[in-house]
Amino acid sequence: MSAPILVFDSGIGGLTVLRELRTHMPDRKFVYVADDAGFPYGDWQEDRLRERIVSLFKDLVPHYAPQLAVIACNTASTLVLEDLRAAFDIPFVGTVPAIKPAAERTRSGLISVLATPGTVRRDYTRDLIGRFAGHCAVRLVGSSELARLTEQSILGGETSDDAIAAEIASCFVEEEGRRTDIVVLACTHYPLIANRFRQLAPWPVDWLDPAEAIARRARSLSPAADDMPEGFDQAHFTSGEASYAMRRLIRGFGLEFSSERD
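Taking the numbering used here, I'd label the letters of the sequence shown as residues 422 to 683.
The following block contains the structure:
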């Protein structure tokens with residue numbers, strides 16, 4: 422059996438990327454690692470978070486011996502991707518705001534990037550805007566609550582429409598007869614409730630999910646597997662715990678919870 426592909430996120434958002442990876446690479450095995458003990462990453466000081474993620478990978482890489490790792494998290498990718506590439510001798514595929522394709526598709530020239538505060542304040546994000554969207558008006562919307570609301574909603578908790586609508590409201594801009602026509606989903610949690618975004622939006626927009634582009638890039642770096650995988654892929658949570666609702670969710674994504682890295 423070929424070495425697995427490791428998919429890493431702060432929580433369940435990376436499941437949206439895992440789903441697309443499986444579509445493009447059905448013959449690969451995957452290990453999904455959720456740093457739920459550190460969730461949400463938006464609450465962390467940058468240097469401490471960088472140290473935490475690199476430290477986690479010092480354990481994960483030798484244990485799972487992955488052929489490559491997908492960092493299915495915008496906050497982690499914009500912060501620590503280069504550190505990981507320097508520290509480990511495997512390919513890393515990151516998740517960064519899909520600003521370039523948004524700039525290529527927009528008709529109105531008004532784009533919003535819906536992200537976490539960490540992704541919004543990164544120079545990396547602003548560099549992408551400068552390189553690829555100089556002809557557009559790009560609004561950066563950093564939500565400190567939306568990732569939490571997403572996990573709460575997906576795991577069966579009550580989340581009001583008003584709470585979600587308040588978090589996405591700033592994405593919608595009207596200016597000189599033009600309206601925002603693309604919202605970049607710059608947190609992998611957000612596609613999990615994109616249908617609610619569509620229902621609550623004041624007008625239709627293209628909600629741009631980067632998962633397909635991530636999957637294509639990962640496939641280009643992954644050698645073909647020798648045979649088709651059997652059974653469930655493995656999910657590891659850094660807390661070592663998972664609620665019944667969480668276990669049901671990850672089972673639906675073809676994952677089997679492991680409290681031990683065995």
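Quick reminder that beta carbons are idealized off the backbone N, C-alpha and C, glycines included.
Every value quoted in this text rests on a predicted model; they were computed, and no experiment measured them.
Compare the C-alpha of residue i against each of the options and name the closest.
i: A508; options: V517, G530, V482; result: V482
i: C557; options: P522, A486, L531, A645; result: L531
i: A656; options: D468, Y485, N616; result: Y485
i: R637; options: G434, G432, L439, S423; result: L439
i: E572; options: P625, T499, A666, L489; result: A666
i: V452; options: I635, I426, A584; result: I426
i: G515; options: R526, F653, S660, L642; result: L642
Take residue i and list the residues in its own chain whose beta-carbon comes closer than 6 Å to its own, dropping the five residues that flank it on each side.
i: D683; result: Residue placement at D683 is flagged as unreliable, the pLDDT there being 41, under the threshold of 50; the coordinate-derived value follows with that caveat. Cβ neighbours of D683 beyond the five flanking positions: none.
i: S564; result: E588
i: S591; result: V562
How far does the beta strand (DSSP E) with residue i in it reach, from first residue to last?
i: Q655; result: 654-658
i: R560; result: 558-563
i: A490; result: 489-492
i: I671; result: Premise fails: I671 lies in the alpha helix (DSSP H), 665-673, not in any beta strand (DSSP E).
i: D397; result: The first residue shown for the chain is 422 and the last is 683, placing residue 397 beyond what the model contains.
i: D430; result: 426-430
So, at 7 Å on beta carbons, what are the nonlocal neighbours of residue i in its own chain, with the 5 sequence-adjacent residues on each side left out?
i: R473; result: G459
i: A607; result: N495, P518, V534, L535, A536, T540
i: G578; result: none
i: P461; result: S431, A568, R569
If you follow the alpha helix (DSSP H) that residue i is part of, which residue opens it and which one closes it?
i: Y462; result: Note, Y462: premise wrong, no alpha helix (DSSP H); not H, not E.
i: A497; result: 495-508
i: V594; result: Note, V594: premise wrong, no alpha helix (DSSP H); not H, not E.
i: V438; result: 436-445
i: L470; result: 467-485
With DSSP as the reference, please indicate the residues paired to residue i in a beta bridge.
i: F678; result: A656
i: V514; result: V491
i: D548; result: The partner list for D548 (beta bridge, DSSP) is empty, contrary to what the question assumes.
i: S409; result: Nothing can be reported for residue 409: it is not among the residues displayed for the chain, which extend from 422 to 683.
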